[in-house]
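J.: Dropping a structure here in structure tokens format, bear with me for questions.
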Amino acid sequence: MLKGSFSKKSWGPIAGVVLGFLAFKIPEWLMIGIKPLLVPLLPVGNTQTLLLYGVFEALTIGVLYLMVTWYYQRFSDIGLGRFKPDYIVKAALAFCAYFVFTFALSKFVEQFLVIPDQAQELGFAGPTSLELVLIFAALVVVVPIAEELLFRGFIFKGVRAAFSFPITALVVSVLFAVAHGQLNVGLDVFALSLVLCYLREKTNSLWPGILLHATKNGVAFFLLFIYNG
2 MLKGSFSKKS
12 WGPIAGVVLG
22 FLAFKIPEWL
32 MIGIKPLLVP
42 LLPVGNTQTL
52 LLYGVFEALT
62 IGVLYLMVTW
72 YYQRFSDIGL
82 GRFKPDYIVK
92 AALAFCAYFV
102 FTFALSKFVE
112 QFLVIPDQAQ
122 ELGFAGPTSL
132 ELVLIFAALV
142 VVVPIAEELL
152 FRGFIFKGVR
162 AAFSFPITAL
172 VVSVLFAVAH
182 GQLNVGLDVF
192 ALSLVLCYLR
202 EKTNSLWPGI
212 LLHATKNGVA
222 FFLLFIYNG
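Per the numbering used here, residue 2 is the first one in the sequence shown, and the count goes up by one each step.
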């Protein structure tokens, strides 16, 4: 809880990147100790993967919450404020821009590099109908919220405190791409992040970006598990 007697503090680019990295990695380190305790208690297969995934994402949001409250701020201070209906239209238009941009960027990079056609490994195989619902909730609801809070929320705010928007968008998007670990996926999410950063800058809210991110993941979910399933 925030105490009214304390004033809000801000963080700069170094704290934003370093603490953002820790918010990304601390859950991984915690899972090293937690996973052996949970696995014997959980059913095998996709359900186990989903539950462990849920624990990881909850830890990520929890660590980030502690970091934000350390500065006597709330999630609303990094963009998770009141939702406005016009965010839906902004997200839809931004999705079209992202689609064109990522296609153009991929074609440009292909002139200089051979991009491996690697599918992003999600760890789910032959899910049942119930598991599909849970996977949808994880990928299309939880992940967009967690990643937007971290990258376009906490890290964006820290870097933006000292640098112009173009530099901030570039730094955040490079970090976002590197975090995904694959060249072809990295290019796509780099393009996505630039559009997400633009939405964050123009609306001063994470909600349009969350909607865009959820739409992108929803399309990927449909192609991976429904259309090709």
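No residue lacks a Cβ here, since even glycine has one placed at the ideal position from N, Cα and C. These numbers come from a predicted model, not from an experiment.
Would DSSP call Q74 helix, strand or coil?
T.: coil
J.: To the nearest angstrom, how far is it from the Cα of V69 to the Cα of E58?
T.: 17 Å
J.: Excluding the five sequence neighbours on either side, which residues of its own chain have a C-beta within less than 8 Å of the C-beta of V18, listed in chain order?
T.: I156, G159, V160, V172 and L176
J.: Which of helix, strand or coil does DSSP assign to P167?
T.: helix
J.: Please report the distance separating the alpha-carbon of V144 from that of S107.
T.: 24 Å
J.: Measuring alpha carbon to alpha carbon, tell me which of Y73, F96 and L31 ends up nearest L1.
T.: Here the chain has residues from 2 to 230 only, and residue 1 is not among them.
J.: According to DSSP, is G159 helix, strand or coil?
T.: helix
J.: Is the region 85-92 touching the region 206-225, taking contact as three or more C-beta pairs under 8 Å?
T.: yes
J.: Got a sec, what are the start and stop residues for the alpha helix (DSSP H) N218 sits in?
T.: Here the alpha helix (DSSP H) through N218 covers W208 to F222.
J.: Let me make sure I understand the geometry here. Which of T48, L225 and I15 has the alpha-carbon closest to that of E132?
T.: T48
J.: What does the Cβ neighbour count give for A105, buried or exposed, with the cut at 16 atoms within 10 Å?
T.: exposed
J.: For Q74, which residues of its own chain have a beta-carbon under 6 Å away from its beta-carbon, when the five flanking residues on both sides are left out?
T.: K9
J.: Ordered along the chain, which non-local residues of its own chain (more than five positions away) have a Cβ less than 7 Å from that of I146?
T.: By the criterion of a C-beta distance shorter than 7 Å, I146 is surrounded in its chain by I211, once the five residues flanking it on both sides are discounted.
J.: Which value, in whole angstroms, describes the spacing of the CA atoms of L225 and T204?
T.: 32 Å
J.: Quick check: what's the CA-CA separation for F102 versus L42?
T.: C-alpha separation (whole angstroms): 45 Å.
J.: Within the same chain, show all residues whose beta-carbon is closer than 7 Å to that of K36, passing over the 5 residues directly before and after it, in chain order.
T.: In the same chain as K36, and ignoring 5 residues on each side of it, the C-beta atoms closer than 7 Å to its own belong to L53, in chain order.
J.: In angstroms, rounded to a whole number, what distance separates the CA positions of F152 and F109?
T.: 25 Å
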